[in-house]
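Numbering (our numbering), first residue to last: 556 to 674.
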């Protein structure tokens with residue numbers, strides 16, 4: 556699961572924004588390739604990652620999350636910086652996961668991660 560998701564707006568005009576997703580090694584041991592740094596991945600699907608990160612927060616929480624929780628506010632801030640087609644953060648986190656668009660997408664649109672995940 557990503558440790559962080561940052562929207563990269565430099566050099567992009569209005570809607571073609573990328574997100575940089577940062578992964579860290581959960582074990583942080585001597586066998587971890589990213590023991591002191593993060594694995595960075597650029598994605599054109601920040602919606603997918605933000606939604607997944609919210610669901611992970613929700614699953615790990617012992618109590619229901621609120622919109623005032625710091626981690627939820629951080630994800631909302633990231634979502635607000637994405638051109639989100641007018642969809643609110645609440646609409647995002649209460650929608651089906653993954654979205655129909657992602658489920659029916661051509662896997663070649665998402666090189667790298669999906670091919671790694673399917674192995």
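Ideal Cβ positions, reconstructed from N, Cα and C, are used throughout, including at glycine.
Of all C-beta pairs linking the region 597–607 to the region 632–646, three or more are shorter than 8 Å, placing the two stretches in contact. Contact check for residue 558 against residue 573 fails: the beta carbons are separated by 8 Å or more.
For residue 653, same chain residues with a beta-carbon under 7 Å away, outside a window of 5 residues either side, are 603 in chain order. Taking the Cα positions, residue 609 is about 25 Å away from residue 591. Close CB contacts of residue 624 within its chain, under the 6 Å cut and outside five residues either way in sequence, are absent. Minimum Cα-Cα distance from residue 643 among the listed residues 580, 614, 606, 587 corresponds to 606.
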